[in-house]
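In the working numbering, the protein residues as written are 4 to 263. In this text, a Cβ means the ideal position worked out from N, Cα and C, and glycines have one as well. Since the model is a prediction, treat every value here as computed from it, not as a measurement. Written out below as structure tokens is the structure these notes cover.
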Amino acid sequence: AWKHPLTPYYQPKNAEEPLPKHGQTDGIAYRNWLGLVQNDPESRTQPALVVQVFRNERQRYLAGNPDYSAPLWAFGYKTDNMKVVCWNESMMPLIHVNDEIRERYEGTVAALIRTAELVAASTRGCIRKALFGDRKDAGGNIPEVDSRFWQETESEFYAVLEALREVMERGEDTAPLKLRWLSSLSGEATSLFEVYSQADFISIADPKDIALSRRMLRNYTSPRNKKIRDALDLPKDPDESDAKPGKTGKRTIKARGEQS
4 AWKHPLTPYY
14 QPKNAEEPLP
24 KHGQTDGIAY
34 RNWLGLVQND
44 PESRTQPALV
54 VQVFRNERQR
64 YLAGNPDYSA
74 PLWAFGYKTD
84 NMKVVCWNES
94 MMPLIHVNDE
104 IRERYEGTVA
114 ALIRTAELVA
124 ASTRGCIRKA
134 LFGDRKDAGG
144 NIPEVDSRFW
154 QETESEFYAV
164 LEALREVMER
174 GEDTAPLKLR
184 WLSSLSGEAT
194 SLFEVYSQAD
204 FISIADPKDI
214 ALSRRMLRNY
224 TSPRNKKIRD
234 ALDLPKDPDE
244 SDAKPGKTGK
254 RTIKARGEQS
């Protein structure tokens, strides 16, 4: 089937033909990097043909030229039943990496984004729990939390991508850079939690729920959290590596809902 050269496509599981990727009301940010800049096997999304050709065949000729860069300009309408809802556009840097490290580099970039998704979801969930506790009749999420999270961490994301390329080209360990990224995400998560869990909502929130949710958020965004370690492919927790059958360590009291 014919594909528009400026459009990214995804392959639905139960469809023979790929479908064009549509815009969303929350705009375009680095969370859309997978599928706009590089392939996303998880969602089976591929960048637009022009992006693939440029990155695979043309970008190398611009490498090393400090006077010229070629960012990606992503844009498009969000529609609903053939009616325009909004217009989105954003610029993303296209970072050239050598073919020798490209597969590893893109795998790590995907891990950075997946980790950001985990932290964003934890932030959203903990803020909601701080405000409404376990109430089933509570309203939905606070939409600006997500948008602010992605906006406030975007510049650091691109800085980490540049540093990641240099680290991989030198053959150095990427773990410190992954931890730097996690620290940035965790810091922004904490800042947003403090703003949205208390400022204008203190009259409806239970202080106990706020304290509990803050502890949960710290746990969810810790480098010792298993989901975080798995997402970033970090080494095992030292305590976990040293543990032996029958050996007991320090007792840890966890808040309700915390993960280890």
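Collapsed DSSP secondary structure at residue i in the structure displayed
i	result
S158	helix
N42	coil
P241	Here the model assigns P241 a pLDDT of 48, short of 50, so the residue's position is not dependable, and the following value carries that caveat. Reduced to three states, the DSSP call for P241 is helix.
E92	strand
K86	strand
Q55	helix
E175	coil
P23	strand
Y108	helix
Q49	strand
Y71	coil
G260	Legend: pLDDT at G260 = 45, less than 50; position of this residue unreliable, value from coordinates given subsequently. The answer is coil: DSSP assigns G260 none of H, G, I, E or B.
CB contact flag (residue i, residue j, <7 Å)
i	j	result
A32	W153	yes
L180	A162	no
L235	T118	yes
S216	A124	no
P11	P44	no
M171	Y223	no
L164	F196	no
M95	L115	no
V122	L65	no
P8	V53	yes
Sequence-distant residues of the same chain with beta carbon closer than 7 Å to residue i, five excluded per side
i	result
A113	L37
W90	Y80
T28	K81, V88, C89
Q14	P21, R47
T111	L167, T177
Residue interval of the beta strand (DSSP E) (run including residue i)
i	result
Y80	75–83
Segment limits, alpha helix (DSSP H) that includes residue i
i	result
W184	178–201
N222	210–223
R232	229–235
Residues near residue i in its chain [Cβ-Cβ closer than 8 Å; skip 5 each side]
i	result
P241	At P241 the pLDDT is 48, less than 50, meaning the model places this residue with poor confidence and gives no usable figure here.
R63	H99
A4	E20, P21
E120	R34
Cutoff 6 Å; reference residue i; Cβ partners in own chain excluding five residues on either side
i	result
N42	Q49
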